[in-house]
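Okay, so here's the structure we're looking at.
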């Protein structure tokens with residue numbers, strides 16, 4: 001498969017990183033067919049262009065590096081492969097090459113190279129047969145089955161295959177492959193960058209010449225052998241032909257993890273040339289910005305985040321943008337999968353956004369951690385070094401018909417600005433890199449609407465900050481859910497393993513639940529003993545997409561004097577959020593509940609709930625269903641609910657949680673003139689008051 005440039009009529013770009021500080025530089029990479037592009041910078045407040053919304057708002061910002069630049073269509077070099085070096089150039093005539101293969105798409109109508117060098121190429125042909133080719137000569141063995149390990153031995157006089165399992169399977173063909181060539185390296189899983197890419201696992205390649213063994217390469221977890229360089233993030237180490245399930249971590253049985261899983265659609269970096277470099281002024285305020293690209297009637301906005309100067313804070317409150325979660329959803333394509341169109345899955349029409357439609361035209365831009373590779377295996381790596389077309393200020397989600405993720409988080413930016421409240425801008429990536437020191441200057445931290453993907457370093461930092469008296473406003477749902485890694489060598493790459501539990505659209509293969517970049521066990525944080533319930537008082541309860549989402553009715557704890565500030569200006573019988581841009585109610589999309597079984601503190605105040613207001617399109621999360629039954633929907637299951645909670649923490653701190661992704665979309669309703677926005681403002685003002693929060697019941701106070 002050859003890489004080809006994207007079709008005409010395109011304009012999009014990306015930045016070399018997500019965030020920067022005053023005085024730093026930001027590189028922009030742009031692809032387009034318009035000849036030139038005009039680049040300027042805008043500060044983003046709200047991107048909602050819907051006529052019923054609060055109105056899109058941005059402000060132009062002068063920044064060195066803005067201007068008009070020449071551009072061209074840029075190719076996207078997808079497809080993982082590896083290169084294995086020899087100790088030096090070898091004149092190879094007679095040879096023997098051995099490798100284990102586990103093809104996933106053996107007959108896809110094109111050739112797939114297993115190994116290639118100037119002397120020979122070992123490949124699968126369009127029908128999946130194993131071919132050994134040298135110049136005009138070739139040997140052909142029968143096609144191996146998909147998803148089974150086959151040992152292949154290729155030599156200048158024969159080709160032999162042997163497939164493991166029952167029934168035994170194999171072929172041997174003999175012949176003469178003439179010629180000789182100087183060889184200094186082999187390419188695995190491709191014949192060259194982007195050429196004849198292989199789908200599947202490869203393990204234990206070794207090459208011998210007339211005088212004996214020349215090199216053994218380790219593609220998985222075994223001890224280092226001959227040097228190997230991996231390109232575009234294949235999945236490794238992967239279970240190999242010796243895997244038995246007796247050990248499920250590469251450190252415990254390296255010999256069981258000798259494989260590497262290659263995919264024709266892996267992508268870690270588009271590697272486009274730099275189009276322009278923005279130089280952030282020393283006095284640029286912390287906030288959310290966009291590099292606006294305009295050419296030939298087309299427009300794109302590449303978001304980036306400006307932090308305050310290093311070691312300082314310019315406000316008492318900060319907003320933490322869930323950039324790791326943005327990465328997990330980057331270029332998500334689930335609407336293209338058949339299962340979402342089946343009856344009973346969605347309670348709403350599927351409405352693709354303009355970014356979704358553009359993604360359909362550009363498969364080369366890759367997919368998200370919710371999608372699968374072309375061979376059916378789950379995508380475990382996502383990169384920001386590519387245009388991310390669903391992380392745009394105007395984006396509307398195809399499920400909810402409303403802003404979601406980044407575009408919904410801009411509602412909070414807009415709200416804060418309209419209320420005259422200055423807030424610093426932080427990102428997950430900065431929190432991961434800098435830890436609790438990043439948060440220490442702030443009294444209050446506000447989350448985005450969907451902080452689902454968290455790293456261990458982020459969890460540690462937030463816990464330390466809360467223990468020191470920090471006050472958190474968790475204005476979302478389905479947060480702190482998946483164990484996530486940021487690649488230490490490639491901070492633009494996030495990694496997950498779905499495991500076999502939780503709401504998931506693919507499962508990790510047996511033995512492959514540990515992360516490549518960190519070695520840690522993937523899956524749910526709850527299964528690692530760090531539930532969101534214990535951290536913020538609530539945890540993932542249910543999800544569903546229904547246009548009649550409810551608000552919250554108040555509970556007895558709403559009358560507790562300790563919570564009086566939350567309800568200032570809100571009537572005792574008032575439903576909270578019986579409105580909203582996301583499915584008509586504040587308790588919508590993915591929702592969280594207070595549940596002491598999963599770590600929610602019993603002393604937390606449960607102020608309001610949506611219990612009883614959901615339809616059967618809203619279903620209990622699968623990790624809460626040890627035995628299947630019929631009462632899992634919103635009309636019959638009391639656990640299908642969103643709860644608003646107020647939780648005490650150490651040193652006068654506290655956590656206010658709203659339990660719903662749809663909260664911020666309700667805040668923006670009627671231009672922020674509603675009881676959801678009022679409640680949020682009440683909490684923020686009280687959290688900014690340095691007086692200790694009196695949230696702990698008297699009988700629980702320590703002497």
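Numbering (this note's numbering), first residue to last: 1 to 703.
For glycine and all other residues, C-beta sits at the position ideal for the given N, C-alpha and C.
Just so we're clear, the structure is a prediction, and the values are computed from it rather than from any experiment.
In the structure shown, residue 251 falls within a coil segment according to DSSP collapsed to helix, strand and coil. Closest in alpha carbon position to residue 321, among 254, 372, 409 and 260, is 409.
The residue among 42, 240, 217 and 692 with its C-alpha nearest the C-alpha of residue 229 is 217. Here DSSP, grouped into helix, strand and coil, assigns residue 210 to coil. The DSSP assignment places no complete alpha helix (DSSP H) segment of no fewer than 4 residues inside the segment 578 to 662. The secondary-structure analysis by DSSP pairs residue 201 across a beta bridge with 102 and 261. Take the alpha-carbon of residue 466 and the one of residue 504: they are about 30 Å apart. Residue 50 and residue 18 have their alpha carbons spaced roughly 27 Å apart. For the pair residue 584 and residue 406, the Cα-to-Cα distance works out to about 20 Å. At a cut-off of 3 residues, the continuous stretches assigned as beta strand (DSSP E) that sit fully inside the segment 362 to 430 are 381 to 383 and 423 to 427. Judged by beta-carbon spacing, residue 375 lies within the 8 Å limit of residue 104, meaning their Cβ atoms are closer than that value. Taking a contact as a CB-CB distance under 8 Å, the pair residue 581 and residue 682 does not count as one, their CB atoms being some 22 Å apart.
Burial state of residue 10 is buried, judged by a 10 Å Cβ sphere holding 16 or more other Cβ atoms. Less than 8 Å separates the beta-carbon of residue 453 from that of residue 324. Annotated three-state conformation of residue 76 is coil, per DSSP.
With a 10 Å radius around the Cβ and a threshold of 16 neighbouring Cβ atoms, residue 651 comes out exposed.
A straight-line Cα-Cα distance of about 30 Å links residue 415 and residue 357. Of all alpha-carbon atoms in 156, 423 and 402, the one lying nearest the alpha-carbon of residue 47 is that of 402. Counting every other CB atom within 10 Å of its CB across the protein chains shown gives residue 184 a total below 16, marking it as exposed. Close CB contacts of residue 539 within its chain, under the 6 Å cut and outside five residues either way in sequence, are with 531, 532, 533, 592 and 598 (chain order).
Secondary structure at residue 345: coil, using DSSP grouped into helix, strand and coil. 448 is the residue among 448, 418 and 404 whose C-alpha sits nearest the C-alpha of residue 425. Judged by DSSP secondary structure, residue 325 falls within the alpha helix (DSSP H) whose first and last residues are 323 to 328. At least 8 Å separates the beta-carbon of residue 197 from that of residue 138. Closest by C-alpha distance to residue 114, out of 107, 101 and 108, is 101. In this chain, the alpha helix (DSSP H) harbouring residue 458 covers 456 to 467. In this structure, residue 278 sits away from residue 232, with a CB-CB distance that is not shorter than 8 Å.
Measuring C-alpha to C-alpha distances from residue 478 to each of 495, 470, 492 and 525 identifies 525 as the nearest. Residue pairing from DSSP places residue 70 in a beta bridge opposite 36. At the C-beta level, residue 249 and residue 514 come within 8 Å of one another. For residue 679, the enclosing alpha helix (DSSP H) stretches over residues 675 to 688. Comparing C-alpha distances from residue 142 to each of 691, 132, 171 and 299 shows the shortest one belongs to 171.
Measuring C-alpha to C-alpha distances from residue 160 to each of 381, 173 and 71 identifies 173 as the nearest. Residue environment for residue 369: buried (at least 16 other C-beta atoms within 10 angstroms of its C-beta).
Comparing alpha-carbon positions, the option among 630, 287 and 543 lying closest to residue 314 turns out to be 287. By the neighbour-count criterion, in which 16 or more other beta carbons inside 10 Å mark a residue as buried, residue 212 falls on the exposed side.
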